[in-house]
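Heads up, the thing below is written out as structure tokens.
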Amino acid sequence: MRITEVSVIKAARDWAAKNDRDASKAVNEAEDAIGKIKSKFIGDQYQKALEGIYQHYMEL
21 MRITEVSVIK AARDWAAKND RDASKAVNEA EDAIGKIKSK FIGDQYQKAL EGIYQHYMEL
């Protein structure tokens, strides 16, 4: 599965639901993280950074 911005945001929502956290805050944090890597990376580097954010939410 190719990790996309949508899948990162979904992972943030899922993490919030599993951990009884505020979903909107988790989504905002994920969007902020995505925005930061968008301004730093392109291509494969961007994809790897996006996958890193996704893994972060999956492992929490």
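Each residue of the sequence shown is one higher than the last, beginning at 21 in my numbering. Cβ atoms here follow ideal geometry from the backbone N, Cα and C, with glycine treated the same way. Being a predicted model, the structure only gives us computed values, none of them experimental.
query                                                                                                                                  : result
Going straight from the alpha carbon of Phe61 to that of Glu71, what length do you get?                                                : 13 Å
Alpha helix (DSSP H) containing Leu80: first to last residue?                                                                          : That residue, Leu80, is in no alpha helix (DSSP H); it is neither H nor E in DSSP.
Could you tell me how far apart the beta carbons of Ala46 and Ala36 are, in whole angstroms, since I believe they sit closer than 8 Å? : 4 Å
Pop quiz: Gln74 and Val26 are said to be a contact at Cβ under 8 Å. What is the actual Cβ separation, rounded to whole angstroms?      : Per the sequence presented here, residue 74 reads as Tyr, with Gln not at that position. Contact flag wrong, Cβ pair sits at about 11 Å.
Are Glu49 and Ala32 touching if we call contact CB-CB under 8 Å?                                                                       : yes
Comparing C-alpha positions only, which one of Arg41, Lys68, Lys58, Ile57 sits nearest to Leu80?                                       : Arg41
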